[in-house]
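Note that the working numbering has the sequence shown beginning at -2, numbered continuously upward.
Glycine included, every Cβ here is placed at the ideal spot set by N, Cα and C.
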Amino acid sequence: MATLPLAELPPPLGVSIRDFASISPKERPAVGDKVAKLERKIFPSSESFDYDIELKKKNIGVILAFKEFDSETLIAYLVYQRMKRIVWLHKLCVVESERQKGIGRCLIHALYRQMKSRGGESIQLWVDEHRKPARALYDSCGFQQVELRSDYYAAGRAGLKMQLSIVR
Ligand SMILES: CC(C)(COP(=O)(O)OP(=O)(O)OC[C@H]1O[C@@H](n2cnc3c(N)ncnc32)[C@H](O)[C@@H]1OP(=O)(O)O)[C@@H](O)C(=O)NCCC(=O)NCCS
């Protein structure tokens, strides 16, 4: 299984990373709305989560990226689900204007560090074979393809299963 090549990765300049769990219960609905809004903009409706439901589940986590000194402006998020020692990376999204600045990689690294400290064994995900930037990002983080399923997302849209082992 592949391993993450990076030891430490600070957020890119001007970006602050926060865990959804660290946000006060009062503020959570507004932040959840921002995640849902960004998701609707980036992903087809068939792939959108219902965050009113998802964010209440105990094993779902979200790591957020905001503009530094501007906690109102959400620029990226990563949604994951813990299943015993495996964590599924379900969603990763960076607003278009902030792409290719290292934010996606930084969110994956934040997830990796969290899972390492909690005894996780691997991060797994499915990605649409046509999502080239996402595949390049996962490759650059050390994920390896372990399975290909035709028509996984829709007719003609295969899914690739990728995984990254967490090294102790
Ligand atoms: C995929 C996505 C999250 C990447 O986020 P990002 O912040 O732009 O990625 P990073 O800047 O951290 O890129 C890290 C590495 O990924 C690769 N990469 C990222 N975007 C790339 C692109 N458009 N073309 C080629 N390689 C790319 C590069 O290897 C890059 O490393 P480098 O800059 O040192 O060359 C972003 O493009 C996105 O939100 N896309 C739409 C939603 C999506 O497809 N999500 C994933 C499926 S759930």
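Give the DSSP-derived three-state secondary structure of GLU51 in the structure shown.
For the purposes of this step, residue 51 is identified with residue 54 of the sequence shown, where counting begins at 1. Here GLU51 sits in helix by DSSP.
What residues sit near ligand 1, counting only those whose C-beta is closer than 6 Å to one of its heavy atoms, in chain order?
ILE39, LYS88, LEU89, CYS90, VAL91, ARG96, GLN97, LYS98, GLY99, ILE100, GLY101, ARG102, VAL124, ARG128, PRO130, ALA131, ALA133, LEU134 and SER137
Q.
Comparing C-alpha positions only, which one of CYS90, GLU51 and LEU161 sits nearest to MET112?
A. Translated into positions along the sequence shown, residue 112 becomes position 115. Per the Cα distances, LEU161.
Buried or exposed for HIS106, please, with buried defined as at least 16 other CB atoms from any protein chain shown within 10 angstroms of its CB. Residue mapping note: residue 106 aligns to position 109 of the sequence shown, counting from 1. HIS106 comes out buried.
Contact between the stretch 14 to 24 and the stretch 36 to 50 (3+ Cβ pairs under 8 Å): no
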